[in-house]
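>
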C-alpha cells in the first residue's frame, strides 16, 4: 500500500495515471459513439416506409459523419507538428480525391443495374465511404492521443 501511495504522490506517476485514464475515456467515448449511431441508422432504416425515407436516414447519418470527420481532422491536425501537418494535409487531399472518384464511379455504375436499385443503393454506399474515413481518423487521433497527452512531451 505504501508503494502505491508513494507512486501517487510522484508527479510523473500522476501524469501517467491521468494519461491512461484520458486514453481509456477517449477509447470508451469513440467506441460507443459509432456503435450507437450505427444502431440509430439501423432503427431509422427499419422504420422507413420507402426508399426516400431510407435515403433520408442515410443522409442524416452522412451529415453526422461529415461533422465528425471535420472535427476529428481539426483535432488531429492541431496535435501534429509542421511536417506531420503537411503529411496530413496531403492525406486529406488524397482521401478527398479518392472519395470524389468513388462517387463518380457510383454515379456511373449504379444506374446500369438491371434490377433498378442503383439510385436506392447510392446513399448507403456513400455512407460506407464516410464511415471508413471516420474510422481512419478515429484511429489516427487515438494514436496521437495515447501515451502522449502533452504536445512536445514524449509518452512513456
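Residue numbers (my numbering): 2 to 157.
No residue lacks a Cβ here, since even glycine has one placed at the ideal position from N, Cα and C.
All figures in this text were calculated on a predicted structure; none of them were measured in a lab.
Mind checking which residues open and close the alpha helix (DSSP H) that includes residue 119?
First-last of the alpha helix (DSSP H) with residue 119: 119–146.
> Assuming contact is defined by CB atoms lying nearer than 7 angstroms, are residue 62 and residue 42 in contact in what I supplied?
Taking 7 angstroms as the Cβ cut-off, residue 62 and residue 42 qualify as a contacting pair.
> Using three-state DSSP, classify residue 72 as helix, strand or coil.
Note: residue 72 maps to helix in three-state DSSP.
> Assign residue 90 to one of three DSSP states: helix, strand, or coil.
In this structure, residue 90 counts as helix in the three-state DSSP scheme.
> Quick one, which of 48, 77, 47, 44 has its alpha-carbon nearest residue 139's?
If we check each option's Cα against that of residue 139, 77 comes out closest.
> By a C-beta neighbour count over all protein chains shown, 10 Å radius and 16 as the cutoff for buried, is residue 131 buried or exposed?
The residue is buried, with at least 16 neighbouring Cβ atoms inside 10 Å.
> Going by C-alpha distance, which of 110, 58, 136 is nearest residue 44?
Residue 44 has its Cα closest to that of 58, out of 110, 58, 136.
> Please report the straight-line C-alpha distance between residue 106 and residue 73, rounded to a whole angstrom.
Going by the C-alpha atoms only, they are around 27 angstroms apart.
> Classify residue 110: buried if its beta carbon has 16 or more other beta carbons within 10 angstroms, exposed otherwise.
By the 10 Å Cβ count, residue 110 comes out exposed.
> What would DSSP say about residue 51, mapped onto helix, strand or coil?
Three-state DSSP puts residue 51 in coil, outside helix and strand.
> Which residues in the same chain as residue 93 place their Cβ atom closer than 8 angstroms to its Cβ, once the five residues preceding and following it in sequence are excluded?
Result list for residue 93: 74, in chain order.
> Could you have a look at residue 114 and say whether DSSP puts it in helix, strand or coil?
DSSP places residue 114 in coil when its eight states are reduced to three.
> Quick check on residue 25: does DSSP put it in helix, strand or coil?
The pLDDT assigned to residue 25 is 45, lower than 50, so where the model puts this residue is not dependable; a value taken from the coordinates is nonetheless given after this. Here residue 25 sits in helix by DSSP.
> With distances taken from CA atoms, which of 51, 142, 56, 47 is nearest residue 122?
That would be 56, whose Cα lies nearest to the Cα of residue 122.
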